[in-house]
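For the sequence shown, the working numbering begins at 957 and goes up steadily by one. Shown next, in structure tokens, is the structure this report addresses.
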Amino acid sequence: MLDSPQRRRRRPPRTGNDRWSVLRAMVLGIVLAAVISGVLLVDFLPSQRVILDAGDVSRIEMLAPYDLTYESAIRTRQAQDMDAASVADVYDRPDPSVARQQEIRARQILDYISTVREDPFASGVQQVSWIAAIPDIDLPAAVITQAMALDDEAWQAIRDETVRVLGRAMQSEIRDDRVASVRRTLPTLIDHNLSAVQVAVVEDIAAGLVTTNAFYNAARTE
């Protein structure tokens, strides 16, 4: 039996557009396959990636992809310390009460030495021992012995000059780091008419009583 014309319809021939669509799909498939293969291949190839732990040193120079400002806590602290060191310490003005206290102490010491000098029952050895034990002063035994032998007028001159020289020294600003330097200037304040023994006694007693009268003020320094 022969097919009827309706049943023997032919497929329509492919046009140019259909062929172009197929070709484009094939090209896209090839490109996609190439991209996927490239991505997978990169993961298995040697790269410049460096994995470092804290404290490791890199063998290659690595540049940041962009500028970044990093604030170093250590350098910030160093800068703060330098700023603090550049600020001069501020001290209070000399405290006049300190000078008065030291003058009272000087008179007490001189009164005690006078009592020892006038003790008719004390031996020379006892006098030296008692005076050498006085806190704050450091009189050599030879100077004490000579001072015990001075007459009353010479001793009175020592008493007066000691109080005067100490008062002059304590009028200046004496910080804790200047006590030694002020003590070294005492000989220039002593009356040059006194004898060597008198000068030694005055200098030793006054030097032991020179002390700080201007104190560091932390609040004002900040």
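All C-beta atoms in this analysis are idealised placements derived from N, C-alpha and C, irrespective of residue type, glycine included.
Span separating the alpha-carbon of V1121 from that of V1157: Along the sequence shown, read from residue 1 onward, the residue named residue 1121 stands at position 165. Along the sequence shown, read from residue 1 onward, the residue named residue 1157 stands at position 201. Distance between the alpha carbons of V1121 and V1157: 12 Å.
Where the alpha helix (DSSP H) through A1158 begins and ends: Residue numbering aside, residue 1158 sits at position 202 when the sequence shown is read from its first letter. Note that residue 1158 corresponds to Val in the displayed sequence, not to Ala. Residues 1152-1165.
CB contact flag (I1114, T1168, <8 Å): Looking up residue 1114 in the sequence shown gives position 158. Looking up residue 1168 in the sequence shown gives position 212. Going by beta carbons, I1114 and T1168 fall outside the 8 Å limit.
Neighbourhood of E1109 by C-beta, 8 Å cutoff - its chain only, sequence neighbours within 5 removed: Numbered from 1 along the sequence shown, position 153 holds the residue referred to as residue 1109. Cβ within range, chain order: n/a, list empty.
Rounded separation between A1125 and L1142 - CA only: One-based indexing of the sequence shown puts residue 1125 at position 169. One-based indexing of the sequence shown puts residue 1142 at position 186. Straight-line Cα distance between these residues: approximately 7 Å.
Alpha helix (DSSP H) segment containing Y1068, residue limits: Walking along the sequence shown from the start, residue 1068 turns up at place 112. Here the alpha helix (DSSP H) through Y1068 covers 1052-1074.
Buried or exposed (CB count within 10 angstroms, at least 16 for buried), V1084: For this step, residue 1084 is matched to residue 128 along the sequence shown. With 16 or more other Cβ atoms within 10 Å, it is buried.
Under 8 Å between C-beta atoms of D1094 and D1160: Residue 1094 sits at position 138 when you count from the first residue of the sequence shown. Residue 1160 sits at position 204 when you count from the first residue of the sequence shown. Yes, the pair counts as a contact, with Cβ atoms nearer than the cut-off.
Span of the alpha helix (DSSP H) around R1140: The residue labelled residue 1140 in the question sits at position 184 within the sequence shown. Start and end: 1135-1140.
Complete alpha helix (DSSP H) runs within the region 1078-1122 (minimum length 4 residues, chain order): Runs of the alpha helix (DSSP H) inside the region 1078-1122: 1080-1088, 1097-1104.
Closest residue to I1069 among P1091, D1048, Q1058, S1053 (Cα-Cα distance): For the purposes of this step, residue 1069 is taken as the residue at position 113 of the sequence shown. Per the Cα distances, P1091.
Inter-residue Cα distance where the pair is R1139 and S1028: Walking along the sequence shown from the start, residue 1139 turns up at place 183. Walking along the sequence shown from the start, residue 1028 turns up at place 72. Approximately 48 Å between the Cα atoms of the pair.
Status (buried if at least 16 other CB within 10 Å, exposed otherwise) for V1072: In the sequence shown, residue 1072 corresponds to position 116, counting from 1. Buried, because 16 or more other Cβ atoms sit within 10 Å of the Cβ of V1072.
T1118 and L1066 closer than 8 Å at C-beta: By 1-based counting over the sequence shown, the position of residue 1118 is 162. By 1-based counting over the sequence shown, the position of residue 1066 is 110. The answer is yes: Cβ separation under 8 Å.
E1074 versus A1098 - alpha carbon distance: Here residue 1074 refers to the residue found at position 118 of the sequence shown. Here residue 1098 refers to the residue found at position 142 of the sequence shown. Rounded to whole angstroms, E1074 to A1098 spans 19 Å at the Cα level.
I1087, buried or exposed, once every other Cβ within 10 Å from all chains shown has been counted against 16: By one-based count along the sequence shown, residue 1087 stands at place 131. Buried is the call here.
CA-to-CA distance, A1174 to D1116, given in whole angstroms: Mapped onto the sequence shown, residue 1116 falls at position 160. Mapped onto the sequence shown, residue 1174 falls at position 218. Approximately 38 Å, taken between the alpha carbons.
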